[in-house]
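Colleague:
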Amino acid sequence: MNVSARDSRFTFDWLALRERADGQARSWRLTRLAADFLRQCDPPLTMVDLGCGAGGNSCYLASRLPGPQRWRLIDHDADLLVQAAQRCRVVGDSEGRALDIETWLHDLNDLGAAWWKGVVLVCASALFDLTSRDWVKRFVAACARQRAAVLLTLNVDGHWAFIDRRGLVDDDEDDAWVKALFNAHQRRDKGLGVALGSEAPTVLRDVFIEHGYEVEMAPSPWQLPAGDPDTLELASALVDGWLDAACEQEPASRMRLADWHGRRRTALARGKFGVRVGHVDLFACPRPRQSMQGEKRT
Ligand SMILES: C[S@@+](CC[C@H](N)C(=O)[O-])C[C@H]1O[C@@H](n2cnc3c(N)ncnc32)[C@H](O)[C@@H]1O
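Structure, rendered in structure tokens:
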């Protein structure tokens with residue numbers, strides 16, 4: 345899926361291709377909860393976008409959140425960071441004020457970095473399937489020390505399916521087999537330990553609760569309808585990505601996988617089927633300390 349499994353690099357084209365579907369899938373309710381949280385904090389509101397890629401997440405959120413906003417865009421890919429900063433510089437907060445943008449070229453293995461200073465909201469999109477259980481524990485502990493709220497969107501849940509023209513699931517035995525191979529491939533180490541893949545939403549929920557957070561979750565699936573010319577390219581790229589991952593996972597089954605791929609690709613192109621990909625959004629908020637109740641957050 346235009347990603348190298350070993351070092352977790354993503355192409356700009358892939359991120360651009362998914363951005364519209366991401367925007368349509370996100371939970372409005374959880375974005376509003378993040379906005380409500382920020383209204384209790386003293387400005388400027390310092391936020392980070394972890395694994396920001398080309399800035400799709402921060403650009404989407406900025407105009408829906410109060411300000412003034414200071415964003416720390418963090419990624420290990422210097423080219424994507426440049427794109428992210430350029431795009432965020434032309435976006436405003438919910439009242440149209442310009443954003444204060446910092447870029448941090450940084451490997452997220454190191455969570456002890458200076459970019460935590462003053463952070464009130466930690467954001468990330470399409471990142472946590474790449475992370476490991478140990479990494480999540482370190483990450484949540486760092487959020488709790490900072491008493492920051494967290495908005496983590498578009499975390500895959502492992503439930504993708506072909507859907508017919510009525511939107512009903514139409515999977516067969518081979519689809520289930522490819523899905524199992526793909527989900528196993530997602531567990532490979534992407535640079536932050538053995539990857540959580542589709543387990544990420546439940547692990548995040550449990551670890552945030554252990555740290556005294558209140559957690560809200562909402563489904564945010566991509567719905568790519570059958571016969572929709574606007575989403576056919578994304579649906580086709582997904583099926584290609586599932587093939588590549590499944591072939592890497594089980595090279596001996598290459599022929600059967602190619603057969604499956606040809607069949608599903610043709611059906612997509614003919615508008616017979618579309619694709620649904622399950623994601624979950626999560627908002628986690630630190631419970632107010634007894635002494636802090638009623639006070640404004642700083
Ligand atoms: C699937 S992309 C999502 C990008 C963006 N958040 C979005 O929603 O469009 C994952 C991003 O995480 C970044 N990433 C992956 N592993 C990383 C690491 N160890 N340190 C820093 N960034 C990392 C990648 O470079 C990529 O930009």
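For the sequence shown, the working numbering gives the first residue as 345, with consecutive numbering after it.
C-beta: ideal position from N, C-alpha, C; glycine also.
Note that this is a predicted model, so its numbers are computed, not measured.
(1) Under three-state DSSP, which class holds CYS487?
(2) Here's the rule I'm using: 16 or more other beta-carbon atoms within 10 Å means buried, otherwise exposed. How should THR497 be labelled?
(3) Give me the Cα-Cα distance between GLY399 and VAL426, rounded to the nearest whole angstrom.
(4) Mapping DSSP to helix, strand and coil, what is GLN384?
(5) Between which residues of its own chain and PRO565 is the CB-CB distance below 7 Å, once the five residues before and five after are set aside?
(6) Report the option in ALA470, ASP444, ALA492 and VAL583 whose CA atom is closest to the CA atom of ASP366.
(7) Does PRO569 come out as helix, strand or coil in the three-state DSSP assignment?
(8) Start and end of the alpha helix (DSSP H) containing ASN499?
(9) So, for GLU594: in the same chain, excluding its five sequence neighbours on each side, which residues have a beta-carbon less than 6 Å away from its beta-carbon?
(10) To the nearest whole angstrom, what separates the beta carbons of ALA468 and ASP514, a pair I think is in contact under 8 Å?
(11) Count Cβ pairs between the stretch 482-492 and the stretch 501-519 that sit closer than 8 Å; are there 3 or more?
(12) When we look at the beta-carbon of ALA602 and count the other beta-carbons within 10 Å, is it buried (16 or more) or exposed?
(13) Quick check: the stretch 525-541 against the stretch 565-579, are at least 3 beta-carbon pairs closer than 8 Å?
(14) Ignore the nearest five residues each way along the sequence and tell me which others in ASP421's own chain have a CB closer than 7 Å to its CB.
(15) Could you check if THR610 is buried or exposed, using at least 16 other CB atoms within 10 Å of its CB as the buried criterion?
(16) Could you name the residues of the same chain whose beta carbon sits closer than 8 Å to that of ASP437, not counting the 5 residues immediately before and after it, in chain order?
(17) DSSP on GLY288, reduced to helix/strand/coil?
(18) Would ARG598 be called buried (16 or more neighbouring beta carbons within 10 Å of its own) or exposed?
Modeller: Walking through what the data contain:
(1) helix
(2) buried
(3) 9 Å
(4) coil
(5) ALA369, ARG620, VAL621, GLY622 and HIS623
(6) ALA470
(7) coil
(8) Run containing ASN499: none in the alpha helix (DSSP H); it sits in the beta strand (DSSP E), 493-507.
(9) LEU525
(10) With a Cβ gap of about 33 Å, ALA468 and ASP514 do not count as contacting.
(11) no
(12) exposed
(13) no
(14) ARG353
(15) exposed
(16) ALA406, SER407, LEU409, PRO410, GLY411, PRO412, GLN413 and LEU443
(17) As displayed, the chain neither begins before 345 nor continues past 642, which places residue 288 out of reach and without an answer.
(18) exposed
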